[in-house]
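Q:
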Amino acid sequence: MSSQNQGETTEAQLAVHWKEEELIQPPPSFIAQANVADPGIFERFSEKNFPECYHEYANLLDWYKPWTKTLDTSNPPFWKWFVGGELNVCYNCVDRHLATNRNKTALHFVPEPEQEPIQHVTYQELWVRVNEFAALLRDVCGLKKGDRVTLHLPMTAELPITMLACARLGVIHSQVFSGFSGQACGERIADSQSRVLITMDAYYRGGKLLDHKKLADIAVDKSKDEGVVPEKVLIWQRYPGKYSSETPLIPGRDFIINELLPDLRGRRVEPEHMGSTDPLFLMYTSGSTGRPKACQHSTGGYLAYVTGTSKYIQDIHPEDVYWCMADIGWITGHSYIVYGPLALGASSVVYEGVPTFPDAGRPWRIAEDLGVNIFHTSPTAIRALRRAGEDLPLKYNHHFKHMTTVGEPIEPAVWHWYYDVIGKKEAVIVDTWWQTETGGFLCSTVPALQAMKPGSGGPGIPGIYPVIFDDEGNELPAGSGKAGNICIRNPWPGLMQTIWGDPDRMVRVYFDRYCKNPNSKDWRDWPYVAGDGAVFAADGYFRILGRIDDVINVAGHRLGTKELESAALNVPEVAEAAAIPVPDELKGRVPELYVSLKPGYKASPELSQRIAQALSDTIGPIARPKNVWIVPDMPKTRSGKIMRRVLTAISTKSNTGDITTLANPDVVEEIRKTVQG
Ligand code: PRX
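Numbered per the working numbering, the sequence shown spans residues 540 to 1216.
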């Protein structure tokens, strides 16, 4: 397998080569209570029942008007699901639970400071708060169906409240991860042409109350530079009644939400009747070229898909206490903290801070206190918790029935620790593989029906038919032992509708490569290209190896090498930059940066530091490179292309391979000396 950019080292080439692990059967106690224990599901969701099989998911929702067509394929690959149907996402996640469950907790907000009380927001309270805030958005800001707003909110209850209020009105929300910089937020405000920015004054992270409002000022400046001026900045107070930021308010632009809300007390807003194919939200993600792009997710198809998979794969029952430790700023949080669990009427935990704060026992104290029985996290978090105390979880009295790992491949040893120590061998584990673009899970075991295989995701979930192609478009059969490009043969309701403002990119990046006939209206001719390398084992399980494009998966989060490089190029001394992924014990992969300087400048630790800081300031702390190597020149092909493969080999102390064809082979030895000493 080679990458789309020939000759470069790819994530998949760096990827782990674990031996195939033994299958582990789900615990009988899990099977006894599972939502899906009848193998008939595989038949119901088999290809011969496609696309009507997805009625089963859509029927979990309340519709104002039933759909008339399940799947419209008239404009490939812009598939439309449940066409003609009308519903409201907020109604489905909140209002419909009131009759029987108004007193039940919808959200447990756990502040990072441990002495601060947990807030238990009932469905009734959620409904009241969402209505009042929706009234504010509509009547104070004049927002209406189809408008965009950018959210730059941390992990507090106000984030889902804001999302649900938008959904109630049909306003399209675009939540930017709170750890992203003001600049990154500003670019996204401009790209989505958001009318309003919604933020919070401050939040806790790692024991510090961070001034978050100051990023809003940077974001608005950046967005203005790009020609989009948001009308208002709305600011939630982390401590209602008190402004916790040092940053002054800008009169006429900045409004404290908690000061406006008392005037809206008791206001109710009828949920907008939304078309199934109306957009619900945008979520930006990094691709291989240029700036992050916004995946546009739909109302009906998306909600049906995340509700169905929350029920069948996450095994959420209304009485469960469910904790997904991801951030709502990523797709995992949208689908599997907010929309899926709330549509099912469960209680969902929103934790503000760092899992290891003040110590690595914190998650287990939270789980004990709240009676969490479903737990969902990433390999990076599991590795960090394991490093902080191998036996620590055993000292706590939490009990999970179900656990998830998501976002990156999990090493079998880490998987076993998750299973034995965090799960105490009582919980089933699902390793769910999917992406921002896909809205919900693609590969995973169905937990009561299929055995677990450490290090492997599983087969396509019911209704998803994956396939692996080699570079020539030949299908690699199960058990071939070869890695190839994993694709999904069929449309599914959770797939994004388009790239906001750039539909051609949707076709180019995800469908062009293996499209059998661009004029065809038959979905079978349009496989979805995920951009990951994978191996298809004889037993039907897929093992995901990693990205085959220029995307680095850092702690389960995507960063484009181009984004990192252009941030480095903002430093005046830098002439050229190349970002490469290197293995990291905790985060899976981290970026390492090579730069060459403009004539007249000299390398210094201070300069390396400034370049690293530039990445952190432009993108966010997550983008901070492990090392910045200032080198005399980049290794280049005769046509002037930087050979990242050679740089990766030097960083990982592996063989650089043949370098005689480079334009400047001598520089390789010089770089090696700089890096390896
Ligand atoms: O490379 C795959 C990896 O994360 C990428 C998607 O990242 P993002 O859009 O940020 O969504 C993350 C959460 C869904 C994929 O292309 N990835 C995701 N889940 C897994 C994974 N790699 C291996 N195993 C997984 N379970």
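In this text, a Cβ means the ideal position worked out from N, Cα and C, and glycines have one as well.
What you are looking at is a predicted structure, and each value in this text was computed from that prediction instead of being measured.
1. Specify, as a first and last residue, the run of the alpha helix (DSSP H) that K940 falls within.
2. Could you check if S568 is buried or exposed, using at least 16 other CB atoms within 10 Å of its CB as the buried criterion?
3. Sorted by chain position, which residues of the same chain lie with C-beta nearer than 6 angstroms to K1223's C-beta, five sequence neighbours on each side aside?
4. I need the DSSP call for D970, collapsed to helix, strand or coil.
5. Beta carbon of D1071: closer than 6 angstroms to some heavy atom of the ligand PRX?
6. Would you mind working out which of M739, T919, H938, Y603 sits nearest V893, comparing C-alpha positions?
7. So, does the region 808-822 touch the region 616-630, judging by three or more C-beta pairs under 8 angstroms?
8. How about I1027: is its Cβ closer than 6 angstroms to a heavy atom in the ligand PRX?
9. Once you ignore the five residues that flank H691 on each side, which residues in its own chain have a CB closer than 7 angstroms to its CB?
10. Following a CB-centred definition, is V1046 positioned closer than 6 angstroms to any heavy atom of the ligand PRX?
11. Report the three-state DSSP secondary structure of G1072 (helix, strand or coil).
12. Go ahead and pull the three-state DSSP assignment for Q658.
13. In its own chain, which residues sit with a C-beta less than 7 angstroms from the C-beta of K1175, not counting the 5 before and 5 after it?
14. Do you know offhand how far M1035's Cα is from F584's?
15. Quick one: is E891 near chain D, going by C-beta distance under 7 angstroms?
16. State the Cα-Cα distance for the pair G766 and L749, rounded to the nearest angstrom.
17. Which same chain residues end up closer than 6 angstroms to G1196 when comparing Cβ atoms and leaving out the 5 residues on each side of it in sequence?
18. Please confirm whether G928 and A906 have their CB atoms less than 7 angstroms apart.
19. Assuming contact is defined by CB atoms lying nearer than 7 angstroms, are G1033 and G978 in contact in what I supplied?
20. Return the bridge partner residues of H712 from the DSSP annotation.
21. Counting only the same chain and skipping the five closest in sequence on each side, list residues whose C-beta sits under 6 angstroms from that of V660.
22. Helix, strand or coil for L698, going by three-state DSSP, please let me know.
23. Using a 10 Å radius around the Cβ and a threshold of 16 neighbouring Cβ atoms, would you call I789 buried or exposed?
24. When the Cα atoms are used, what is the spatial distance from L1186 to S983?
25. DSSP state of K1060, grouped into three classes?
26. By Cβ distance below 6 angstroms, which residues in the same chain neighbour S784 in space, the five residues on each side in sequence not counted?
27. Between I1087 and N797, what straight-line distance do the alpha-carbon atoms span, to the nearest angstrom?
28. Beta strand (DSSP E) containing P1122: first to last residue?
29. Are the region 1106-1114 and the region 833-843 in contact at 8 angstroms, needing three or more beta carbon pairs?
30. Give me the residue from V889, P932, Y596 with the minimum Cα distance to Y861.
31. Are the region 577-593 and the region 603-619 touching, with three or more C-beta to C-beta distances below 8 angstroms?
32. Are the beta-carbon atoms of S849 and L881 separated by less than 7 angstroms?
33. To the nearest angstrom, how far is the alpha carbon of L933 from that of W956?
34. Roughly how many angstroms separate the alpha carbons of S1155 and F719, rounded to a whole number?
35. Could you tell me whether the region 1010-1026 touches the region 955-971, where touching means 3 or more Cβ pairs closer than 8 angstroms?
36. Assuming Y1133 and A1116 form a contact by the criterion Cβ under 8 angstroms, report the distance between their Cβ atoms to the nearest whole angstrom.
A: The relevant details are as follows:
1. Counting from one through the sequence shown, the residue named residue 940 turns up at place 401. First-last for K940: undefined, no H or E at that position.
2. As a position in the sequence shown, residue 568 is number 29, starting the count at 1. Taking all protein chains shown into account, S568 has fewer than 16 neighbouring C-beta atoms within 10 Å of its C-beta and is therefore exposed.
3. With the chain represented from 540 up to 1216, any question about residue 1223 goes unanswered, as that position is not in the structure.
4. Mapped onto the sequence shown, residue 970 falls at position 431. When DSSP states are grouped into helix, strand and coil, D970 belongs to the strand group.
5. Within the sequence shown, numbered from 1, the residue matching residue 1071 stands at position 532. True, at least one ligand heavy atom lies under 6 angstroms from that Cβ.
6. Along the sequence shown, one-based indexing puts residue 893 at 354. Checked all of M739, T919, H938, Y603; the closest Cα to V893 is T919.
7. A contact between stretches requires three or more CB pairs, one per stretch, nearer than 8 angstroms, and the region 808-822 meets this requirement with the region 616-630.
8. Numbered from its first residue, the sequence shown carries residue 1027 at position 488. Outside the cutoff, so no.
9. Counted from its first residue, the sequence shown places residue 691 at position 152. If the five residues before and after H691 are omitted, its C-beta is found closer than 7 angstroms to the C-beta atoms of V715, S717, C724, L736, T738, L754, A755, A758, all from its own chain and listed in chain order.
10. Your numbering for residue 1046 matches position 507 in the sequence shown. Answer for V1046: no, Cβ out of range of the ligand PRX.
11. Within the sequence shown, the letter at position 533 stands for residue 1072. The answer is strand: DSSP assigns G1072 an E or B state.
12. Within the sequence shown, residue 658 is the residue found at index 119, counting from 1. In the structure shown, Q658 falls within a strand segment according to DSSP collapsed to helix, strand and coil.
13. The count along the sequence shown starts at 1 and reaches residue 1175 at position 636. Answer for K1175: I1181, M1182, L1201, A1202, N1203, listed in chain order.
14. Start at 1 with the first residue of the sequence shown, and residue 1035 comes out as number 496. Start at 1 with the first residue of the sequence shown, and residue 584 comes out as number 45. Computed Cα separation, rounded: 21 angstroms.
15. No chain D is part of this structure, which consists of one protein chain only.
16. The sequence position of residue 766 within the sequence shown is 227, counting from 1. The sequence position of residue 749 within the sequence shown is 210, counting from 1. G766 and L749 have their alpha carbons spaced roughly 29 angstroms apart.
17. Working through the sequence shown from its first residue, we reach residue 1196 at position 657. Within the same chain, G1196 has no close Cβ partners at all.
18. In the sequence shown, residue 928 corresponds to position 389, counting from 1. In the sequence shown, residue 906 corresponds to position 367, counting from 1. Taking 7 angstroms as the Cβ cut-off, G928 and A906 do not qualify as a contacting pair.
19. For this step, residue 1033 is matched to residue 494 along the sequence shown. For this step, residue 978 is matched to residue 439 along the sequence shown. Annotated as proximal: G1033 and G978, with beta-carbon spacing under 7 angstroms.
20. Here residue 712 is taken as the residue at index 173 of the sequence shown, counted from 1. Answer is V688, F820.
21. For the purposes of this step, residue 660 is identified with residue 121 of the sequence shown, where counting begins at 1. Result list for V660: A645, L646, A696, in chain order.
22. For the purposes of this step, residue 698 is taken as residue 159 along the sequence shown, with counting starting at 1. Here DSSP, grouped into helix, strand and coil, assigns L698 to helix.
23. Here residue 789 is taken as the residue at index 250 of the sequence shown, counted from 1. I789 comes out exposed.
24. The residue given as residue 1186 occupies position 647 in the sequence shown. The residue given as residue 983 occupies position 444 in the sequence shown. The alpha-carbon atoms of L1186 and S983 are separated by roughly 35 angstroms.
25. What you label residue 1060 is simply residue 521 of the sequence shown in a count that begins at 1. Of the three classes helix, strand and coil, the one that applies to K1060 here is coil, per DSSP.
26. Taking the sequence shown and counting its residues from 1, the one referred to as residue 784 is at position 245. Answer for S784: D740, A741, D750, K752, listed in chain order.
27. What you label residue 1087 is simply residue 548 of the sequence shown in a count that begins at 1. What you label residue 797 is simply residue 258 of the sequence shown in a count that begins at 1. Spanning the two alpha carbons is a distance of roughly 46 angstroms.
28. Position 583 of the sequence shown, counting from 1, holds the residue named residue 1122. Run containing P1122: 1113-1123, per the beta strand (DSSP E) assignment.
29. With a cut-off of 8 angstroms on Cβ pairs, the region 1106-1114 is not in contact with the region 833-843, counting fewer than three such pairs.
30. The residue you call residue 861 lines up with position 322 of the sequence shown. For Y861, the closest alpha carbon among the candidates V889, P932, Y596 is that of V889.
31. The region 577-593, when compared against the region 603-619, does touch it at the 8 angstroms Cβ threshold.
32. Numbered from 1 along the sequence shown, position 310 holds the residue referred to as residue 849. Numbered from 1 along the sequence shown, position 342 holds the residue referred to as residue 881. No, the pair does not count as a contact, with Cβ atoms beyond the cut-off.
33. As a first step, residue 933 must be located in the sequence shown, where it is residue number 394. As a first step, residue 956 must be located in the sequence shown, where it is residue number 417. Going by C-alpha positions, L933 is about 11 angstroms away from W956.
34. For the purposes of this step, residue 1155 is taken as residue 616 along the sequence shown, with counting starting at 1. For the purposes of this step, residue 719 is taken as residue 180 along the sequence shown, with counting starting at 1. C-alpha separation (whole angstroms): 9 angstroms.
35. No, the region 1010-1026 is not in contact with the region 955-971.
36. Sequence index remark: in the sequence shown, residue 1133 carries index 594 (1-based). Sequence index remark: in the sequence shown, residue 1116 carries index 577 (1-based). About 7 angstroms; that satisfies the 8 angstroms criterion.
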